[in-house]
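Below is one structure, written out as structure tokens; the observations come after it.
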Amino acid sequence: MNIDRKHGVTASLGVLILVLGGCSQTTTSRGRATADGSEGLPARVIATVGHEAVLAEDLAPSLYEIAGREALREWVLDRALQREIEARGLAITPDMLRAERALLVERTASGERLQSGAGLTEQVLRERNLGPVRREAMIRRNAGLRLLTRDEVRVEPEEVSLAAEIAYGPKYRARVILAGTEREAGEALNQLGTRPTPADVARLAERYSIDPSARTGGVLPLISPVDPAYPVVVRSALGELSPGQVSPILPLPAGAAVLYLEAVEPRSIVPEDASKRLEAELRVQRERVAMERLARHLVETTRVDVLDRSLGWAWDGR
């Protein structure tokens with residue numbers, strides 16, 4: 191079990207894009223697949239290879255198998271979402287769409303640690319298959335989901351205070367050796383001795399640890415003493431150590447851990463806008479959870495009859 195942070199204040203772009211993830215168990219009825227989805231319609235040439243025309247129907251089966259499930263799911267959700275918005279007497283406004291576009295750019299840039307420029311942001315969106323059409327649909331979809339769930343989200347002052355303490359309070363700089371068994375953890379602990387160096391811990395982490403941090407010598411992200419994302423046993427053990435000391439063996443769900451405290455980072459200066467910014471981050475995070483829940487409900491309660499064989503193959507594997 192990775193004892194790294196299980197969540198953060200900032201929601202990643204991936205989560206916004208995958209707001210449809212987990213939608214399953216939709217009522218589905220499969221009919222006979224049509225031999226030609228465009229029968230009776232003029233053939234549409236979408237490309238040429240040499241002197242040979244490529245028709246839309248030539249690529250449709252492969253495209254359905256590659257991305258048909260996601261495309262159909264998004265289509266279903268968009269229609270169900272619009273019906274729900276109209277049923278509640280609400281409407282998506284231009285301001286809502288502008289806010290979603292700004293949030294998308296912000297999350298793209300921060301998630302990829304980009305420095306500047308629409309070009310770089312566009313590159314990231316391209317890597318996620320968010321072209322102009324799908325991107326605009328996603329922006330409208332997120333605006334609608336946020337509109338329908340906005341009254342469900344509450345952020346309490348004490349939650350903002352906790353987020354500020356986690357972000358700007360003191361932190362432990364530590365390493366971990368997470369062994370599969372207490373016996374292996376004991377072997378590592380015995381070899382560490384009473385005053386090991388960071389290099390000693392790194393060497394034994396690479397040998398014994400099953401945690402992903404083993405690749406970097408057991409180095410953990412900075413840990414706040416009040417961060418509930420980390421097990422209490424880990425935070426308590428670090429609080430009892432002085433820099434350069436190792437903990438006793440700590441039982442964890444994934445095995446047995448030995449912690450090494452390198453240093454305690456002091457409290458940092460809190461920016462004037464910290465509370466406002468953290469409150470907004472927490473709100474976006476809570477909204478995302480509510481939006482995912484509503485999206486699943488809307489898709490699961492919509493009847494979908496898949497008639498194309500290739501699309502049905504993709505849909506049935508959802």
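For the sequence shown, my numbering assigns the number 508 to the last residue and increments by one with no breaks.
Beta carbons are placed, not taken as given, at the ideal position from N, Cα and C, and that holds for glycine.
When DSSP labels each residue in this structure, what does residue i get in the three-state scheme?
i, result
"Ala233", "coil"
"Thr339", "helix"
"Thr238", "strand"
"Gly211", "Residue placement at Gly211 is flagged as unreliable, the pLDDT there being 41, under the threshold of 50; the coordinate-derived value follows with that caveat. Coil, per DSSP."
"Val479", "helix"
"Leu245", "strand"
"Tyr398", "helix"
"Ile356", "helix"
"Tyr362", "strand"
"Ala281", "coil"
"Pro251", "helix"
"Ile256", "helix"
"Thr491", "coil"
"Val460", "coil"
"Leu368", "strand"
"Val345", "coil"
"Val416", "coil"
"Asp194", "With a pLDDT of 49 at Asp194, under the threshold of 50, the modelled position of that residue is not reliable, and the figure given next carries that caveat. The answer is coil: DSSP assigns Asp194 none of H, G, I, E or B."
"Ser219", "Annotation note: pLDDT 42 at Ser219 (below 50); position unreliable, coordinate value reported separately. Three-state DSSP puts Ser219 in a strand."
What are the boundary residues of the beta strand (DSSP E) that includes residue i?
i, result
"Gly445", "445 to 455"
Please report the residue range of the alpha helix (DSSP H) in which residue i lies.
i, result
"Asp498", "Run containing Asp498: none; DSSP gives neither H nor E here."
"Ile275", "259 to 277"
"Leu440", "Premise fails: Leu440 lies in the beta strand (DSSP E), 440 to 442, not in any alpha helix (DSSP H)."
"Gln381", "372 to 382"
"Ala427", "422 to 429"
Which residue's Cα is closest to the Cα of residue i: the options?
i, options, result
"Glu455", "Arg476, Gly359, Ser465, Ala447", "Gly359"
"Arg278", "Arg288, Ala327, Leu335, Leu294", "Leu335"
"Thr311", "Glu296, Val323, Arg324", "Glu296"
"Leu504", "Glu430, Gly445, Arg259, Ala250", "Looking at the sequence itself, residue 504 is Ala, so the reference to Leu does not match. Nearest option by C-alpha distance: Arg259."
"Val343", "Leu497, Leu280, Leu484, Val489", "Leu484"
"Ala289", "Asp268, Tyr254, Met328", "Met328"
"Asp341", "Val489, Glu477, Ser500, Arg493", "Glu477"
"Glu524", "Ala261, Ile282, Thr238, Leu267", "Residue 524 is absent from the structure shown; the chain starts at 191 and stops at 508."
"Lys466", "His487, Gly434, Ser414, Ser351", "Ser351"
"Thr492", "Arg273, Asp463, Ser252", "Arg273"
"Glu355", "Asp506, Ala364, Ser403, Pro461", "Pro461"
"Arg324", "Ala292, Pro347, Trp265", "Trp265"
"Ala364", "Gln313, Glu452, Arg405", "Glu452"
"Pro418", "Gly383, Ala353, Thr371", "Ala353"
"Pro415", "Ile400, Arg457, Leu382", "Arg457"
"Thr371", "Glu396, Gly445, Pro421, Ala281", "Gly445"
"Pro388", "Ser399, Ser426, Asn380, Val436", "Val436"
"Leu287", "Ala261, Arg331, Glu430", "Arg331"
"Leu293", "Val474, Glu255, Ser403, Leu337", "Val474"
"Thr283", "Ala333, Val345, Leu468", "Ala333"
"Glu396", "Ala378, Leu488, Thr384, Gly383", "Ala378"
Report, in whole angstroms, the separation of the C-beta atoms of residue i and residue j, which I expect to be a contact under 8 Å.
i, j, result
"Leu394", "Leu428", "Not confirmed; about 18 Å, so no contact."
"Arg234", "Ala246", "4 Å"
"Ala480", "Thr339", "4 Å"
"Leu472", "Glu349", "6 Å"
"Leu442", "Lys361", "Not a contact, Cβ separation roughly 20 Å."
"Gly408", "Ile367", "6 Å"
"Val423", "Leu440", "5 Å"
"Arg369", "Leu468", "According to the sequence shown, residue 369 is Ala rather than Arg. Not a contact, Cβ separation roughly 36 Å."
Flag residue i as yes if its beta-carbon sits less than 7 Å from any beta-carbon of chain C, otherwise no.
i, result
"Val454", "Looking for chain C here will not work: only one protein chain is present."
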